[in-house]
Amino acid sequence: MKREKMEISANILKALFQNVYFINGTAYAGKSTMIKLLAQKYDGICCGENYHDQLTDLIDGVHQPNLWYLKNCQDWQQFVSRTPQEYAAWIEGCSREAEELEMVLLIRYAGLGRMVFVDTNLCPETLSRISDYHHVLFLLSDGETAVNRFFEREDREKQFLYQVLQQSEEKEKAFENYRACLRACNSEENRRVFMESGFRCVWRDENRSIQDTLKLVERHFSLKQGSGHTER
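Counting from -2, one number per residue, gives the positions in the sequence shown under my numbering.
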């Protein structure tokens, strides 16, 4: 099967996404929390982590090979045993393929007349084409936070991977390798991409409350509660 792509001009998407607010960044920086709180406060649409999964029935192994691998994985020991380089490249590939799925959903949601708050996989380059400074924010944490706290969350996917690692023949070696994979995905190089993007970056601060972070995010997005619009 031949891989075919169809593009929509960036100016059209930018016009459609005037009420869409994007948060990207590194793991364990508060992206999911902020998106959820913003959607609740402003009666908006919450596009949480991996919200594009609802369209995975549409993918195939030719057009979305990385997402296809995850959807059809039969050997989870092999999944967690990849080298850090292989794992990081796969994560990057998944994010790239997820962009197309996100675009489909965001076009749909943008037409509903409500604010849309997105925990996004869209890279800085894509966001610079379809959005603007006050609709994009990057939340960052240090690399070790993402590694050390990866299994603290109770979400199904992370706990499933934890059990896979627990069942490995060489459990300690398996955990050590997977932590190295997480470090590769949360490298200084990856953080630098966000920091040098031209968009605002906010670092995780254990001394800053969730509500204080929310206020900071609201100010950056110039949000005004009750109007369904922004103020400048």
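Every residue, glycine too, gets a C-beta built ideally from N, C-alpha and C. This structure is a prediction, so every number in the text was calculated from the model and none was measured.
Restricting attention to alpha helix (DSSP H) runs no shorter than 4 residues, the region 110 to 143 encloses them at 121 to 127, ordered along the chain. Here DSSP, grouped into helix, strand and coil, assigns residue 59 to coil.
Between residue 214 and residue 35, the beta carbon gap of about 7 angstroms places them in contact (Cβ cut-off 8 angstroms). Beta-bridge analysis with DSSP links residue 145 to no other residue. Within the same chain, Cβ atoms closer than 6 angstroms to the Cβ of residue 26 are found at 136, 137, 138, 201, the five residues on either side in sequence being excluded. By the criterion of a C-beta distance shorter than 8 angstroms, residue 207 is surrounded in its chain by 27, 30, 34, once the five residues flanking it on both sides are discounted. DSSP, read as helix, strand or coil, puts residue 18 in strand.
Each of 122, 101, 67 was checked against the Cα of residue 13, and the nearest Cα belongs to 101.
Distance between residue 158 and residue 144, taken at the CA atoms: about 14 angstroms.
Taken through DSSP and simplified to helix, strand or coil, residue 32 comes out as helix. The C-alpha of residue 118 is placed about 15 angstroms away from the C-alpha of residue 53.
By the neighbour-count criterion, in which 16 or more other beta carbons inside 10 Å mark a residue as buried, residue 218 falls on the buried side. Look at the region 36 to 87 and you find these whole runs of alpha helix (DSSP H), each 4 residues long or longer: 62 to 68, 73 to 77. In the DSSP assignment, the residues bridged to residue 199 are 136. Each of 67, 82, 46 was checked against the Cα of residue 175, and the nearest Cα belongs to 82.
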